[in-house]
Structures are given as C-alpha cells and as structure tokens.
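Asker:
There are 2 protein chains.
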Amino acid sequence: MASTNEQAVRWLPVDKIMKTVYFLLLIALSITLTQAEPRATGDLGLIIEREDGAALIINTTEHRQLAEIKGLGDLSHASVVFSRDQRYAYVFGRDGGLNKIDLLLDKLDQRIVQAGNSIGGAISQDGKLVAVSNYEPGGVKVFAADTLALVADIPAEYAPGKRSKVVGLVDAPGQKFVFSLFDAGEIWLADLHDPHKPTIEKFKNIGKQPYDALISRDGRHYIAGLFGESGLALLDLWDTAKGVQRILLDYGKNDDKLPVYKMPHLEGWAMAGDWLFAPAIGKHEVLVINQRDWTLHKTIPVIGQPVFVMARPDARQIWVNFALPNNGRLQVIDAKELVVKQTLNPGKAALHMEFTPRGEQVWVALRDDHQVVIYDTATLQEAAPRLPAKHPNGIFFSSRAHKIGF
Amino acid sequence: MASTNEQAVRWLPVDKIMKTVYFLLLIALSITLTQAEPRATGDLGLIIEREDGAALIINTTEHRQLAEIKGLGDLSHASVVFSRDQRYAYVFGRDGGLNKIDLLLDKLDQRIVQAGNSIGGAISQDGKLVAVSNYEPGGVKVFAADTLALVADIPAEYAPGKRSKVVGLVDAPGQKFVFSLFDAGEIWLADLHDPHKPTIEKFKNIGKQPYDALISRDGRHYIAGLFGESGLALLDLWDTAKGVQRILLDYGKNDDKLPVYKMPHLEGWAMAGDWLFAPAIGKHEVLVINQRDWTLHKTIPVIGQPVFVMARPDARQIWVNFALPNNGRLQVIDAKELVVKQTLNPGKAALHMEFTPRGEQVWVALRDDHQVVIYDTATLQEAAPRLPAKHPNGIFFSSRAHKIGF
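First to last, the protein sequences are chains A and B. Under the numbering used here, the first residue of the first sequence carries the number 1, and numbering increases by one thereafter. Under the numbering used here, the first residue of the second sequence carries the number 407, and numbering increases by one thereafter.
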C-alpha cells in the first residue's frame, strides 16, 4: 500500500513551492494594505470635469484627488446630491444620465439614461428616493436610491397632450419634492410618502416662465425666478393654502436693451440673518432683500453681472462670481456692513464655489485654467496648492447629504 | 552541473502544496470578504451608556448597533464631538477623560485623563484642535485632534492664584473657542489661529455664576445662563467691541421657594425662524423669545419643568423633555402656531434627544428602560424596533461634525 501510494504522489521542488507561497502571501498582504486604512466619507467631494464627462473624487482635509471617475456622459450642466451615509454621489447630467458613484470604492456603481434632456435632481428627506427633473420628455422621474429602479413617473402634463419642461426641483421636509413648470407657469408640490402613489398639489398662474428656483435652508420657502416677467413666485410650505405670492415686483429683466450674459442661478442665493442676497439680472448689483417682508433693503454695487451669490456657512461673508467678461474675478461682501470688502483674481472662468461645511475654506473651479483654487476665508489667501482638473465647472461636497434642499 | 543542481533540490508532495495554497487563498479571501463592504460615516452615531462607561456605535439608516466600545470612564455627564471626516468621535467624560473612538475600526483609538473633573468639549472650525473645559483645575486644555498631544493650556485664572470652573465651552467661526468662568462671572473668547499662542479677549462682570451657554447656529451669538441672578449674558461675536449685554432680565430662578429639579441645558435651546425657544427655570413653561430684540414674545404651558427644548432641523417642530417627576414624557410644539400639538409617553427617563440631520426621525434615550426609541417626526409613531442600550443618557450623530457650535 505504502509503495503504491508513493507512486501516485506527484512531487514539486521546495523553491517552486516557496515562490507560490510568497506570491500568495504578497496577494494577501497587498489586499490587506490597500484596505488597511479605511476611508471616512465626511470630508469627500466631487469636482465635475465638464468636457471629459468625468468627476474627481477629492478629500477636503488633505486637499487632494483620490480618484477620477469617467464615463458620466454630458456634464455641461451637472449637479450632484449625496446619499445619507455619504457613500454615494448621484450625478445628474444634461443628457438625461443619472450616474451613481461609489466614493468608497472609487467606481461608477451604476449609470442609467432616464430621459433625453435633463436639468437637475434632488434626494428625498429619508435618502431613499432620487428625483430627476426633465426637459424632454417634460416631467419628474423618481428612482430608488439603492437600485436606480424607477418608482414613480410624474409627467408634467399641464393641458391635454401638453408637457412642460421642469426646472427648480428641490427636496422639502416631509418626504416632498417641489418643482416648477417652465412652459405652464406652475409650481407642483409632490408628496412621496407612498412613492408609488405620489400625491401632487398644483399651484397655477404663478407667473410666466419660471426658470429656476431655490428653497430656504429650513425648507419653508420655495422661490422661483421668472424669465417671462418681473418679480418672483413665493410658496410658503408652512401655509400652502395661502397659495403662491408674487414678491419683489421690480425684480427681473426689466430693461430689454440690457444684455444679459448669463441668467443667474437661484440655487446660490444667500440667506444670511435677516437678509436674502440675490444677483440682480443684467446689472452690476447684488440685491439685499428683507426676509421678513420680501422688500428690497439695499443694492450693493459689484464689478460685473453676478451669477452665484453664496453665503459662507456662518453667514458673515457673501461670495459672488460673475458672467463674462468678468468671470475671472470674485468679490467678497461683508454681511454685516453690506459692502464689498475684497476683490480676488483667481484666474480664468471662476464658474462655481463650494464652502467647507463649517466655512473655513472655499473651493473655486477655474474652468479655463484647469484648476481648483482653495481659499482660507479668514485671510483670503490660498490655503493649499491648486489642484489640477480638466475644465472643472462644479464642486460638490458630501456634507450636502445632511442639508435640506441640497 | 544539471545533476548537481538536482541533488540540491528538496521535494514536497503536490497534495501538501495544494493544502498550503488553499489555506493561503482562504486567508486572502477572508481578508477580502471581511473588508469587502466598506463603511461610510455619514449616518453613524454614538449612544452613551452611562453606568457602564461605554458607548454604542450605531447606524441611523439601518437602525442598528454596530459595536460597543468600553473603558470610557465616568460618563455621568458626557458630550461628544466628531472629526471633520466623521471617522473619530471624541467623548468627554466627567472624570476628565478624553476618549477618541474610531468609528470605522470599532475601537477606542486613544484615551487620556487630562484633568480631575471636566464638563464638556468642542472641536475647532478646521477640525485640528479639540478643547476641553475643566472644573478642576479650572481652565481649558487644547489638544491636537490626531494625536491628543497637548497644544495649549489656558488656566482660568481670574485673580492671582484663583482659578474658576469653566462651563459653556463652544467653538466659533474663525478658529475660536468661547467659554464662561462660573466663579468669576466672565466670558472668554480665545483665538487659536496660532494654537501654541492663543490670544484671549476677556469680558468681565457679565453676571453672577454663568452655568451653561449656547451659540447660535451661525456662530454669531453666544448666550450664557446665570445661576446667581436673573437674566442672560449675550455676546455678539460680530461686534465684540459692544461688550456683553444683559438680556431677558426676568429670566431666571426668580422665586426662591420654587423647587428646581434640574437646571435646564442651554445647548438644546431652539432657534427657529424668528423665535428662540427656551426652557423656563422651575416653571411648567417654554419661553418664546423674539430673536430680533431678545424680548419675551409668549410663554407656552407644558406638562413639566422643561430640560431640553430642541428644534427639528427644519424648525417646524420643537421637542421638549422634562425634569422629574415628568421625565417619562415628551411634548411636541408646533413652531408656527406656538402651541403643544402632542404629548408622547415613550417610557422611563427620556433624558436626551437627537434628530437625524434632515429631521425625518428623532432618537430618544430612555435611561431607565434601557432602550432607545426612534420616532418618525411626521407621524409621531415609532419608526423602528427599539434598540437596547444600558442606561443610555446621550445620543450624538456624526452629522454634528459639519455644524458650528456642536
């Protein structure tokens, strides 16, 4: 028996064995090492690379790039929301693409093209639903945040056979989404407690051509800008029975001869203390609006047509960027004295800004310099070496996950 | 040559080799599997287990316990702050212990005992400094957030040889900490831009025996409660030259015959819209204070002596818990109508509440039921099975990392 067995046994030399052993140990070790330092998600963010359809995952503590994620489609007008655990970023592209990026594994977890032409998105209060607003076909689609399976389709049909482009989509407290119908002049408030059967409250005749909207930090006031006439449409979500009010009747593109280089974004409007800071349309002014009665308190002269007017998280500074030909500059307004305190010249095409959650720094995307610049907001000096990025046009930090309306 | 080489080679049987290979593959696989699902940190939190000197790491999306961390010392009065990446929780114990918990690796990363008797702590705006306020010896110590190495020691010496207990320590924008000296009746504002050389601005004669304090959500207003006289001390950090003002002169323990079962916490004061909601001392009332001029607008009758008066993140609801003998109940105030809408009876000793970042749920610690109850704030029904915990007396979510003054 013994000899039979011995004959059946095949033998290998020790050095070959040891090579195999070392090789396997190396694999085990490399797996352990690459995962040895687990990644927390509180200080992560995405930088959108417009032309490449890509996004950089970045760490805001170490001021460095962690990964580049490609294949995100047309990002010429992109926005981003984050899952409540801050693991996933949902990137809404212009081409109707909905991309789910895994910030821990540095990969595109999923991508669907859910419409022909879309403009933005939002995530529900409980983090379980992702909604996208579409131009073509006009409406809102709602997806499960985990699988991206369609759970609700809300066509923006405002008259038989007529569908409107949808703009200004935001989340609101109570598992709601609010959005505006550009072609219909309506605001819709959708309650998704039962995601398969959304209930929709419609507000009609709110003004001509709402083109964008914002929601206040506490999720109470929804304000839509009007392209077709002056004034703004205000919906108080604490008192929807009151309907939509028109406020700031002088606000708008009053002078038809005034060239408007870029319609300002409303998302960036700064609510700080008693004041709402808003970009004037076509004029070199930032408007200071009294939040109590929605009247104009003051205008602050600035160096160009403002695009984003954003408050530092402690509301003491208001940062402003501009349309062409002044889009290489930034101005910083003191929110107490209501005057411009400083003008900065970061570089070419300063398109977007994002504050760190507690406001000590602000990141600015310089599209035509292929750089992101990081300012210390106390000293207004650069706080770190500039980060390279290809045509960056948007910066979004994971702390947005915890905010209403972001 | 060939034969010589062959003689030097040792041989092993294939089945032994394969066993080794399988074994190593198993190790590699198990390493991969245990780390395959990396943990995000946006939806984590800590539940303090008072009697055991322990804390539970919990996940607020899945409503479950991930780990129990022991050896944290005396947690009879504990508070927690989080690192800006939300990986680490700093737990301040009553015994002067400063514990650093790793929320990714489920372990006590470091523990130091830095004083004889301490009351609370704060983390700097940039996340690099952790400050602790001490009773004995009276003062503030500042540590490096990464190593817990001491970087600054600020003795609260208000007269030669006399040191005060320190209370009401909070962080403020601009890399600052603010705190109050109980024995001296002073408020100190420390600037730690250069952590090794803090500069300190002192405000004297602010009122007798400040016992706790709060900072407004934007980090502008610091308000200290006074034990030794009525009224509150207000410091406007946007205008420190104005000094400390006394506000709400009627506020306090006016009636000496009134039994006060527990001095209310100021941390929980709710700033919501125009109003500041505050617990009356010793009375069955919540005070509604006008934030514009700091006058009393209204009092709302409640069922007991309020302890914590906390606003849901969207500011529409105010949740109140109570001192003995009513500490098993909660009341929910409608912030628009300014009346109590509902009374809840969660269980025994509802000591602390924590809202999810966007307010859809609130977690309540029931110390004497050894449970944590989770409410849906829209329906006021329980949203998940109760979680077991031993004598829970505090709940802290990682989203605090991104807030000023938390």
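Glycine residues also receive a C-beta, built at the ideal position from the N, C-alpha and C atoms.
#1: Name the residue from L189(A), K204(A), F397(A), G328(A) whose alpha carbon lies nearest to the alpha carbon of P198(A).
#2: Do we get a CB-CB distance below 9 Å when we pair N696(B) with the residues of chain A?
#3: The stretch 504 to 516 of chain B: which residues have C-beta closer than 8 Å to a C-beta of chain A, in chain order?
#4: Examine chain B for any beta-carbon lying closer than 9 Å to the beta-carbon of K341(A), and answer yes or no.
#5: I need the boundaries of the beta strand (DSSP E) containing S416(A), first residue and last residue.
#6: So that I know if they touch, is there some Cβ in chain A lying closer than 9 Å to that of E766(B)?
#7: Would a check of beta-carbon distances place D699(B) closer than 9 Å to chain A?
#8: For H776(B), which option in I525(B), R792(B), T762(B) has the closest C-alpha, if you only look at C-alpha atoms?
#9: I want to verify the contact list: residues of chain B whose CB lies under 8 Å from the CB of W238(A), in sequence order.
#10: Within 10 Å of its beta-carbon, does M310(A) have 16 or more other beta-carbons around it, so buried, or fewer, so exposed?
#11: Say whether chain A places a C-beta atom closer than 9 Å to the C-beta of S409(B).
#12: Name the two residues that bound the continuous beta strand (DSSP E) containing T605(B).
#13: What residues of chain A sit near R470(B), judged by a beta carbon separation below 8 Å?
#14: Would you identify the three-state DSSP class for Y22(A), choosing helix, strand or coil?
#15: So if DSSP puts Y628(B) in a beta bridge, which residue, or which two residues, is it bridged to?
#16: Quick one: what does DSSP say T410(B) is sitting in, helix, strand or coil?
#17: Going by DSSP, what residue range makes up the beta strand (DSSP E) through N99(A)?
#18: Note down the Cα distance separating R220(A) from G174(A), rounded to an integer number of angstroms.
#19: Which residues share a DSSP beta bridge with G45(A)?
#20: Compare the Cα-Cα distances from F488(B) to each of K476(B), I463(B), T467(B) and report the closest residue.
#21: Comparing alpha-carbon positions, which option in V536(B), A729(B), V770(B) lies nearest P670(B)?
#22: To the nearest angstrom, report how far apart A122(A) and K403(A) are at their CA atoms.
#23: Counting only runs that start and end within the stretch 668 to 726 of chain B, where is the beta strand (DSSP E) found for 3 or more residues in a row?
#24: If you drop the 5 nearest sequence neighbours on each side, which residues of the same chain put their C-beta closer than 6 Å to that of I112(A)?
#25: I'd like to check one pair, V362(A) with T356(A): are the Cβ atoms closer than 9 Å?
#26: Grouping DSSP H, G and I as helix and E and B as strand, with all else coil, what is R735(B)?
#27: Could you please give the first and the last residue of the uninterrupted beta strand (DSSP E) stretch that includes I780(B)?
#28: Any C-beta of chain B within less than 8 Å: which residues of the stretch 385 to 402 of chain A qualify?
#29: Can you tell me whether L107(A) is buried or exposed, with buried defined as 16 or more other CB within 10 angstroms of its CB?
#30: Shortest alpha-carbon distance to G161(A) belongs to which of K204(A), A184(A), F143(A)?
#31: Interface residues of chain A around Q531(B) at Cβ under 8 Å?
#32: Please classify D624(B): is it buried, with 16 or more other beta-carbons within 10 angstroms of its beta-carbon, or exposed?
#33: By how many angstroms is the C-alpha of G499(B) removed from the C-alpha of A565(B)?
#34: In whole angstroms, what is the alpha-carbon distance linking L46(A) and G359(A)?
#35: If you draw a straight line from the C-alpha of G116(A) to the C-alpha of V132(A), how long is it?
#36: In chain B, what lies closer than 8 Å to G42(A) by C-beta?
Answerer: If we stick to the structure as given:
#1: Here residue 198(A) refers to the residue found at position 198 when the first sequence is read from its first residue. When only C-alpha atoms are compared, the closest one is L189(A).
#2: For the purposes of this step, residue 696(B) is taken as residue 290 along the second sequence, with counting starting at 1. No, N696(B) lies away from the interface with chain A (no Cβ there is under 9 Å from its Cβ).
#3: Correct list: L509, L510, L511.
#4: Stepping through the first sequence from its first residue, residue 341(A) is reached at position 341. Chain B, which has no Cβ nearer than 9 Å to the Cβ of K341(A), makes this no.
#5: Outside the shown range of chain A, which is 1 to 406, sits residue 416(A), and nothing can be said about it.
#6: Working through the second sequence from its first residue, we reach residue 766(B) at position 360. For E766(B), the answer is yes, since a Cβ of chain A falls inside 9 Å of its Cβ.
#7: As a working mapping, residue 699(B) is identified with position 293 in the second sequence. False, the Cβ-Cβ gap to chain A never drops below 9 Å.
#8: Start at 1 with the first residue of the second sequence, and residue 776(B) comes out as number 370. Ranking I525(B), R792(B), T762(B) by Cα distance to H776(B) puts R792(B) first.
#9: Locating residue 238(A) in the first sequence gives position 238, counting from the first residue. The contacting residues are R722, K742.
#10: If you number the first sequence from 1, residue 310(A) lands on position 310. By the Cβ neighbour-count rule, M310(A) is buried, with 16 or more other Cβ atoms within 10 Å of its own.
#11: Counted from its first residue, the second sequence places residue 409(B) at position 3. Because the pLDDT of S409(B) is 44, which lies under 50, any placement of that residue in the model is unreliable, and the question is left without a value.
#12: Here the question's residue 605(B) lines up with position 199 in the second sequence. Following the DSSP letters along the chain, one finds T605(B) inside the beta strand (DSSP E) bounded by residues 605 to 609.
#13: Reading the second sequence from its first residue, position 64 is the one you call residue 470(B). Near R470(B) there are no residues of chain A at all, since even the closest Cβ is about 13 Å away, more than 8 Å.
#14: To locate residue 22(A), count along the first sequence from 1; it is residue 22. Helix, per DSSP.
#15: Taking the first residue of the second sequence as 1, we reach residue 628(B) at position 222. Looking at the DSSP assignment, Y628(B) forms a beta bridge with I621(B), L641(B).
#16: Sequence index remark: in the second sequence, residue 410(B) carries index 4 (1-based). With a pLDDT of 46 at T410(B), under the threshold of 50, the modelled position of that residue is not reliable, and the figure given next carries that caveat. Assignment of T410(B) by DSSP, reduced to helix, strand and coil, places it in the helix class.
#17: The residue you call residue 99(A) lines up with position 99 of the first sequence. Bounds of the beta strand (DSSP E) holding N99(A) are 97 to 102.
#18: By one-based count along the first sequence, residue 220(A) stands at place 220. By one-based count along the first sequence, residue 174(A) stands at place 174. Their backbone Cα atoms lie some 11 Å apart in a straight line.
#19: Taking the first residue of the first sequence as 1, we reach residue 45(A) at position 45. Answer is I58(A), F397(A).
#20: On the second sequence, position 82 is the one that residue 488(B) refers to. If we check each option's Cα against that of F488(B), I463(B) comes out closest.
#21: Reading the second sequence from its first residue, position 264 is the one you call residue 670(B). The candidate whose alpha carbon is nearest that of P670(B) is A729(B).
#22: What you label residue 122(A) is simply residue 122 of the first sequence in a count that begins at 1. What you label residue 403(A) is simply residue 403 of the first sequence in a count that begins at 1. Going by the C-alpha atoms only, they are around 11 Å apart.
#23: As far as the stretch 668 to 726 of chain B is concerned, its whole beta strand (DSSP E) runs of at least 3 residues are 676 to 678, 681 to 685, 691 to 696, 701 to 707, 712 to 717.
#24: Mapped onto the first sequence, residue 112(A) falls at position 112. Answer for I112(A): L98, L148, listed in chain order.
#25: Numbered from 1 along the first sequence, position 356 holds the residue referred to as residue 356(A). Numbered from 1 along the first sequence, position 362 holds the residue referred to as residue 362(A). The beta carbons of T356(A) and V362(A) sit closer together than 9 Å.
#26: Locating residue 735(B) in the second sequence gives position 329, counting from the first residue. Judged by DSSP in its simplified three-state form, R735(B) adopts coil rather than helix or strand.
#27: Along the second sequence, read from residue 1 onward, the residue named residue 780(B) stands at position 374. For I780(B), the enclosing beta strand (DSSP E) starts and ends at 777 to 782.
#28: The residues in question are S398, S399, A401, H402.
#29: Counting from 1 along the first sequence, the entry for residue 107(A) is found at position 107. At residue 107(A) the sequence reads Lys, which differs from the Leu that was named. When all chains shown are included, K107(A) counts as exposed.
#30: Position 161 of the first sequence, counted from the start, is the residue given in the question as residue 161(A). When only C-alpha atoms are compared, the closest one is A184(A).
#31: Indexing the second sequence from 1 puts residue 531(B) at position 125. Against chain A, the beta carbon of Q531(B) has neighbours under 8 Å at R358, G359, E360, listed in chain order.
#32: As a first step, residue 624(B) is located in the second sequence; it is residue number 218 there, counting from the start. Here D624(B) is buried. Its C-beta has 16 or more other C-beta atoms within 10 Å.
#33: Here residue 565(B) refers to the residue found at position 159 when the second sequence is read from its first residue. Here residue 499(B) refers to the residue found at position 93 when the second sequence is read from its first residue. Going by the C-alpha atoms only, they are around 28 Å apart.
#34: Against the first sequence, residue 46(A) aligns to sequence position 46. Against the first sequence, residue 359(A) aligns to sequence position 359. Distance between the alpha carbons of L46(A) and G359(A) is about 17 Å.
#35: Position 116 of the first sequence, counted from the start, is the residue given in the question as residue 116(A). Position 132 of the first sequence, counted from the start, is the residue given in the question as residue 132(A). Rounded to whole angstroms, G116(A) to V132(A) spans 12 Å at the Cα level.
#36: Taking the first residue of the first sequence as 1, we reach residue 42(A) at position 42. What G42(A) touches in chain B: T447, G448, F488, S489, R490, D491, Q492, R493, S804, A807, H808.
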